[in-house]
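Anchor point for the sequence shown: position 40 equals 742 in the working numbering, and the numbering is continuous, going up by one each time.
See structure below.
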Amino acid sequence: MNDGLDDELRALRSEPLPASYQRLEARVWKGIERVRQARAAAPTLYVARAAAVIGALGLGVASGGVTAAAVAAQSQEVSAFSVKAELAPSTLLDHHG
């Protein structure tokens, strides 16, 4: 029933391995060496990354604080609990007008 498949597998087994497979182990070891070198350089990058994160957080807190203070100083036109909320759902759905 599977004679065709068996014949194909036998033919495939008799063929030589591609050249890229014969160099596979050397490529794997080169990749491992690149990872080791990257890990050796990582501690210096951690300091730079930490400094960038701290700088970004500081800048965000400073600009957010200034913006929040400016918004808090302005008078608020619409409040969720105000009587003059023209766009409140209860006002928009009320057709008594």
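Every residue gets a Cβ at the ideal spot worked out from N, C-alpha and C, and that includes glycine.
Rounded to whole angstroms, the separation of the alpha carbons of ALA721 and ASP705 is 29 Å.
Residues of the same chain with their beta carbon placed closer than 8 Å to that of ALA740 are lacking, with the five preceding and five following residues left out of the count.
A direct Cα-to-Cα measurement between TYR748 and GLY733 gives close to 22 Å.
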